[in-house]
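Student: In the numbering used here, the protein residues as written are 1080 to 1377. Okay, handing you the structure first.
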């Protein structure tokens, strides 16, 4: 099997920038990606200087073209299934396509996936009129009648106050979860309506929201809004490799992305087990790649 200096699992912002730095550092890299990055449903990415408003697919294409300029970077459109530590400290990577690769170091950059409240057809609206990050998409929804769907009380209050910055025409729907009096009072002080009954379904066309229908038959007109999902890693590579985890499931890393396991690094949303902006993920991929370069010289 071919030996690589580093295998990078995931070609989102973190994995792509790590590949770029390692390619420029003359490291032999295997970059794996299966096209399941969560921003693939997003129409535009925001907050990345010089690329504000770019489509995620276009950003990825440009980034891959940058990376492929370096002959030591090898891109594989494969799904990694297992990563195991072998003798002499090497790592074996096995893919769904029955291919095997060996690397001296691993960067985990597979990102996270969302788990949404159980509301019919919600995914049809996600990325078009319902979003998870107000910093990324709040500007486009400014001053519009919005819905915030959240089943977590702490996040309900936080997101209500946060999104109030972009629009004061807000309704919070908890989908059947009750709120404490203190939370209700906080929301009322900002004139934010809270509806705690379950959502029956969403109404709209082509992913663009028009109305929210509740179990009682109540219908409210909303043109978009934000969801508070749970975030999960789509694999157990960190656990398989024995990386130390925090209580919330995020991976314990130092400021350069080094995990508790020697020669295993984590960057971007994979490490924090939560959403991140494209520019922050790219920066963390940069730092992890630099750590690989520095560590390989020791």
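Backbone N, C-alpha and C fix where the C-beta goes; we use that ideal spot for every residue, glycine too.
Can you give me the start and stop residues for the beta strand (DSSP E) that residue 1215 sits inside?
Tutor: Element bounds for residue 1215: not the beta strand (DSSP E) but the alpha helix (DSSP H), 1213 to 1216.
Student: Taking the alpha carbon of residue 1254 as the point to measure from, which residue in 1284, 1204, 1122, 1293 has its own alpha carbon closest?
Tutor: 1293
Student: When we look at the beta-carbon of residue 1287 and count the other beta-carbons within 10 Å, is it buried (16 or more) or exposed?
Tutor: exposed
Student: Would residue 1311 be called buried (16 or more neighbouring beta carbons within 10 Å of its own) or exposed?
Tutor: exposed
Student: Can you give me the start and stop residues for the beta strand (DSSP E) that residue 1109 sits inside?
Tutor: 1108 to 1111
Student: Under 7 Å Cβ to Cβ from residue 1178, same chain only, skipping five residues before and after it: list those, please.
Tutor: 1157
Student: Within the chosen definition, does the stretch 1264 to 1274 reach the stretch 1230 to 1245 through at least 3 CB pairs nearer than 8 Å?
Tutor: yes
Student: Run through DSSP, which three-state label would residue 1123 get?
Tutor: coil
Student: At the level of alpha carbons, what is the spacing between residue 1249 and residue 1119?
Tutor: 27 Å
Student: Roughly how many angstroms lie between the CA atoms of residue 1229 and residue 1115, to the nearest whole one?
Tutor: 25 Å
Student: What does residue 1225 pair with, by DSSP beta-bridge criteria?
Tutor: 1249, 1303
Student: Judging by CA-CA distance, which residue of 1323, 1222, 1281 is the nearest neighbour of residue 1341?
Tutor: 1323
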